[in-house]
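**Student:** Mind the numbering: the sequence shown is residues 2 to 306 in the numbering used here, read in order.
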Amino acid sequence: MSAGGGKKAIIAALTANAGIAVAKFIGAAITGSASMLAEAVHSVADTSNQGLLLFGQRAAAKDADELHQFGYGRNRYFYSFVVALVLFTLGSVYAIYEGIHKIQHPEELSQPIVAIVILGIAIGLETYSFMTAVRESRPLKGDASWWRFIRTSRSPELPVVLLEDTGALIGLILAFGAVGLTMITDDPVYDGIGTLCIGVLLGIIAVVLIIEMKSLLIGEGATPEQDRAIRDNLIDGEKITSVIHLKSEYIGPEEMLVAAKVAIAPGLGISDVADAIDAAETRVRTAVPFARLIYLEPDLYRQAK
2 MSAGGGKKAI IAALTANAGI AVAKFIGAAI TGSASMLAEA VHSVADTSNQ
52 GLLLFGQRAA AKDADELHQF GYGRNRYFYS FVVALVLFTL GSVYAIYEGI
102 HKIQHPEELS QPIVAIVILG IAIGLETYSF MTAVRESRPL KGDASWWRFI
152 RTSRSPELPV VLLEDTGALI GLILAFGAVG LTMITDDPVY DGIGTLCIGV
202 LLGIIAVVLI IEMKSLLIGE GATPEQDRAI RDNLIDGEKI TSVIHLKSEY
252 IGPEEMLVAA KVAIAPGLGI SDVADAIDAA ETRVRTAVPF ARLIYLEPDL
302 YRQAK
């Protein structure tokens, strides 16, 4: 994912969530709806999360130095992990608490039609944000399912925004239904139930994000497709005959470290070996552009065996 592409989706989500949060707080103050208040807090969490993602991209752009010789690319993983924690604590835990409280102590809603109107507007804005993230993700997703894209993407921002927007849309529908049932039945307990459901939903999404971001943060290797491409392009069939072993790791969303021991044909001179290694690195970088740092160790297959 290009930083620009991810940034476009993040800014769209930030703009939509900031406007939605203000509208929801106004609606919650007017109506007294717990589900509306939970959704307002959720939008605040989402807005701050998009700010964290942008800050993470900026921090990751720092040049490598003596202390961090492979650069600061993993800052994007770290701040995406923080986003998941914020979504869990500020969004899920608060909504669950508020939902339980409102179920135990129901309160009548005043002017619930205001909440319905605001939720309708919020659904429209959130749909715009969601569709922007979908458009940005499609070229990277390819033929894979959306779930596989989220699970295998080495770039954190788009999966984060996609899951956040999905949760926001479902949460808005839950809030819309809760307020609607409260209006129809004149029983405010449905508002508390809707709030509790929103909290559980946010908790599930936050846990998925925490698991995925933690995996990226501690280091993930090449995808199976990239691994095959690297192995195929290391071998030229003449000077490099096989790959003895291969290790890879993403040190940033767009930078992969590749280390391999390759079998060199017997009898080659030092100059020929050097040429073979250089040519192999060029082939790999052409096939897998993210493989920017490549360290190859020439060996004889007989010795390795």
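Beta carbons: idealized from backbone N, C-alpha and C, even for Gly.
#1: Starting from the C-beta of alanine 179, find all residues in its chain whose C-beta is less than 6 Å away, skip the five residues before and the five after it, and write them out in chain order.
#2: Assuming leucine 54 contacts isoleucine 11 under a Cβ cut-off of 8 Å, what Cβ separation, rounded to an integer in Å, is found between them?
#3: With 16 as the cutoff for other CB atoms within 10 Å, does glutamine 112 come out buried or exposed?
#4: From the DSSP output, in three-state form, read off tyrosine 73 for me.
#5: When you compare the CB positions of lysine 248 and alanine 277, do they come within less than 8 Å of one another, or not?
#6: May I ask you to list the residues that DSSP assigns as paired with methionine 257?
#7: According to the neighbour-count rule (16 or more other Cβ atoms, all chains shown, within 10 Å of its Cβ), is serine 272 buried or exposed?
#8: What are the partner residues of isoleucine 241, as DSSP defines its beta bridges?
#9: Looking only at its chain, what residues have a beta carbon closer than 7 Å to the beta carbon of phenylalanine 26, apart from the 5 residues adjacent to it on each side?
#10: If you drop the 5 nearest sequence neighbours on each side, which residues of the same chain put their C-beta closer than 7 Å to that of glutamate 108?
#11: Sorted by chain position, which residues of the same chain lie with C-beta nearer than 7 Å to glycine 168's C-beta, five sequence neighbours on each side aside?
#12: The alpha helix (DSSP H) spanning valine 322 covers which residue range?
#13: List the endpoints of the continuous alpha helix (DSSP H) containing proline 140.
#14: Per DSSP, proline 299 forms a beta bridge with which residues?
#15: So what does DSSP say about histidine 106, is it helix, strand or coil?
#16: Using only the alpha-carbon positions, how far apart do valine 289 and alanine 223 sit?
#17: Any idea if aspartate 144 is buried or exposed, counting beta-carbon neighbours within 10 angstroms, 16 or more meaning buried?
#18: Going by beta carbon distance, what residues of the same chain come within less than 7 Å of threonine 270, once the five residues before and after it are set aside?
#19: Quick check: the region 132-150 against the region 68-80, are at least 3 beta-carbon pairs closer than 8 Å?
#20: Where DSSP assigns a beta bridge to histidine 246, which residues make up the other side?
#21: How far does the alpha helix (DSSP H) with leucine 55 in it reach, from first residue to last?
**Tutor:** Quick answer:
#1: Contacts found: Ser36, Tyr191, Asp192, Gly195.
#2: About 5 Å separates the Cβ atoms of leucine 54 and isoleucine 11, confirming a contact at the 8 Å cut-off.
#3: Exposed.
#4: Residue state, collapsed to three classes: coil.
#5: Remark: C-beta atoms of lysine 248 and alanine 277 do not approach each other more closely than 8 Å.
#6: For methionine 257, which the question treats as bridged, DSSP gives the partners Tyr251, Ala292.
#7: Sixteen is the threshold: since fewer than 16 other Cβ atoms of the shown chains lie within 10 Å of the Cβ of serine 272, the residue is exposed.
#8: Looking at the DSSP assignment, isoleucine 241 forms a beta bridge with Ile265.
#9: Only Ala41 meet the Cβ criterion.
#10: Within the same chain, glutamate 108 has close Cβ partners Gly33, Pro189.
#11: Only Leu202, Leu203, Ile206 meet the Cβ criterion.
#12: This structure gives no information on residue 322, because the portion of the chain shown stretches from 2 to 306.
#13: First-last of the alpha helix (DSSP H) with proline 140: 113-142.
#14: Answer by DSSP bridge pairing, in chain order: Val263.
#15: In the structure shown, histidine 106 falls within a coil segment according to DSSP collapsed to helix, strand and coil.
#16: When rounded, the distance between both Cα atoms is 10 Å.
#17: So aspartate 144 counts as exposed.
#18: Here the sequence assigns glycine to residue 270, which means threonine is not the residue at that position. None.
#19: With the rule of 3 Cβ pairs closer than 8 Å, the region 68-80 does not count as touching the region 132-150.
#20: Lys262, per the DSSP bridge assignment.
#21: Per DSSP, leucine 55 is one residue of the alpha helix (DSSP H) stretching across 35-61.
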